[in-house]
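Mapping the sequence shown onto the numbering used here, position 69 (from 1) lands on 845, and the numbers just tick up by one.
Where a beta carbon is used, it is the ideal one built from N, C-alpha and C, also for glycine.
Okay, structure first, notes after.
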Amino acid sequence: MEIRQLRYFLSVAETEHLTQSADALYVTQSTLSHGLRQLEAELGVALFDRVGRGLRLSQAGTVFRAHAARALQELEAGRMALADLAGLQSGVLTVGVIPTFLMHFVPDAVASFNAAYPNVRVTVRDLRAGEIEELLIAGRLDLGVVFHPSAREEIEAEPLFEERLQLVVHESHPLAGRRSLRLAALADVPLALLPPSFATRRMIDAAFAEAGVRPQVRVEMESVGALLHACRQGALATIAAEHAAAQAGSDMRAIALTAPATVRRAGVLWRRGASRSAAAREFAARLGPSIERLERGV
């Protein structure tokens, strides 16, 4: 039994699709299928049942899944221990980051870490918060950096910072001269927002509901940068975090929102009970200083 076979099995157990798992594992579909057949032959059982074009875990596969996951976690813990002994002279660090932070402080932390430990290869994956949590639990990320830290039992979070959401408009917008607004004042304002699949959007919707307002959402896009660009035409307004609003451009105006205030909390996510490599701990320790440098404009 080989480690790669266990990785193949756990990936397909998660996706229930050979093509998706092959893409995620950077192997061909034939290589993936061959590895699974070898594993099933060695175990003497069928781990999957075919359902249409997909795969479902068999009863045997369901039993084996938990054991395979624990085995990989123990092997990863051993790898981390050896990497620590090497004094960060080699190894791999994989970090899951939501898109917002890839345009904010994470690149600075990556550069700082690389300058100190150039022989550790860093991979930063652009993911949504839910994906980061799932990959952490599966042992495929060392740590995650997200807004709205999870309440899932398998995840533990360390706070990084808090920031308020603000209304952002072009200087030609009728509200551009306001310094603050109650959320209820946006009842008739055409908005461009992130889709409901984003945690920030769900937070915004909850705030509107608390204010007794049904927002006039005219545009939804999956990029804060794209939303700000759309608002630059003047007719639309968006709601964005303070750091994004500050970087929107000199022709854009940020307006504080009150009643209720909308505050996002950022945090570092870890898989509860898992070993933390020296590389992961060092990288996490550099996030705070990177945020402070950006706030000072250094």
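Going by the beta-carbon positions, is the gap between residue i and residue j smaller than 9 Å?
i: Pro950; j: Leu1012; result: no
i: Ser956; j: Leu1033; result: yes
i: Leu969; j: Thr1014; result: yes
i: Glu947; j: Trp1046; result: no
i: Ala1042; j: Phe877; result: yes
i: Ile980; j: Val922; result: no
i: Glu939; j: Ala1017; result: yes
i: Ala1020; j: Gly915; result: no
i: Glu998; j: Pro972; result: no
i: Arg1048; j: Glu932; result: yes
i: Arg958; j: Ala1030; result: no
i: Arg1072; j: Phe889; result: no
i: Gly837; j: Ala789; result: yes
i: Leu812; j: Leu823; result: yes
i: Arg1040; j: Leu941; result: yes
When burial is assigned at 16 or more other CB atoms within 10 Å of the CB, is residue i buried or exposed?
i: His843; result: exposed
i: Pro1065; result: exposed
i: Glu986; result: exposed
i: Gly828; result: exposed
i: Val882; result: buried
i: Leu917; result: buried
i: Leu858; result: exposed
i: Val868; result: exposed
i: Ala798; result: buried
i: Ala1037; result: exposed
i: Glu1068; result: exposed
i: Gly820; result: exposed
i: Ser787; result: buried
i: Ser926; result: buried
i: Ala885; result: buried
i: Gly953; result: exposed
i: Gly988; result: exposed
i: Ala1060; result: buried
With distances taken from CA atoms, which of the options is nearest residue i?
i: Leu1070; options: Pro1036, Phe1059, Ala1022; result: Ala1022
i: Val803; options: Met879, Leu819, Arg780; result: Arg780
i: Leu782; options: Gly828, Ser999, Glu852, Thr795; result: Glu852
i: Leu962; options: Pro971, Arg990, Ala982, Phe937; result: Arg990
i: Arg1008; options: Gly828, Met1028, His1019, Ala1020; result: Met1028
i: Gln805; options: Ala914, His793, Ser888; result: His793
i: Arg901; options: Leu919, Asn895, Ile913; result: Leu919
i: Glu818; options: Ile1067, Phe840, Leu831, Leu833; result: Phe840
i: Glu778; options: Arg1062, Glu910, His810, Thr791; result: His810
i: Leu864; options: Val886, Tyr893, Leu941, Ala847; result: Tyr893
i: Ala1050; options: Gln942, Val995, Glu930, Ala800; result: Glu930
i: Arg855; options: Ser1053, Leu815, Ser1026; result: Ser1053
i: Ala905; options: Leu943, Arg977, Tyr784; result: Arg977
i: Leu911; options: Met879, Gln849, His880, Asp825; result: Gln849
i: Asn895; options: Tyr784, Ile913, Ser866; result: Ser866
i: Gly1001; options: Tyr784, Val944, Asp825; result: Val944
i: Asp964; options: Ala975, Phe984, Gly953; result: Phe984
i: Glu907; options: Ala960, Ser1026, Phe974; result: Phe974
Could you give the first and the last residue of the continuous beta strand (DSSP E) run that contains residue i?
i: Glu930; result: Here Glu930 belongs to no beta strand (DSSP E), and DSSP marks it neither H nor E.
i: Asp825; result: 824-827
i: Gly830; result: 830-833
Hey, could you find the ends of the alpha helix (DSSP H) residue i is sitting in?
i: Ser809; result: 805-819
i: Leu1070; result: 1054-1072
i: Leu959; result: Run containing Leu959: none; DSSP gives neither H nor E here.
i: Leu786; result: 779-791
i: Leu794; result: 794-801
As an exercise, report each continuous beta strand (DSSP E) stretch of at least 3 residues that is fully enclosed by the segment 969-1043, in chain order. Taking only runs of at least 3 residues, the beta strand (DSSP E) segments lying wholly in the segment 969-1043 are 992-996, 1014-1017, 1028-1034.
Sequence ranges, beta strand (DSSP E) only - wholly within the segment 864-935, length at least 3: Every beta strand (DSSP E) of 3 residues or more that sits fully in the segment 864-935 is shown, in chain order, as 868-873, 897-902, 919-923.
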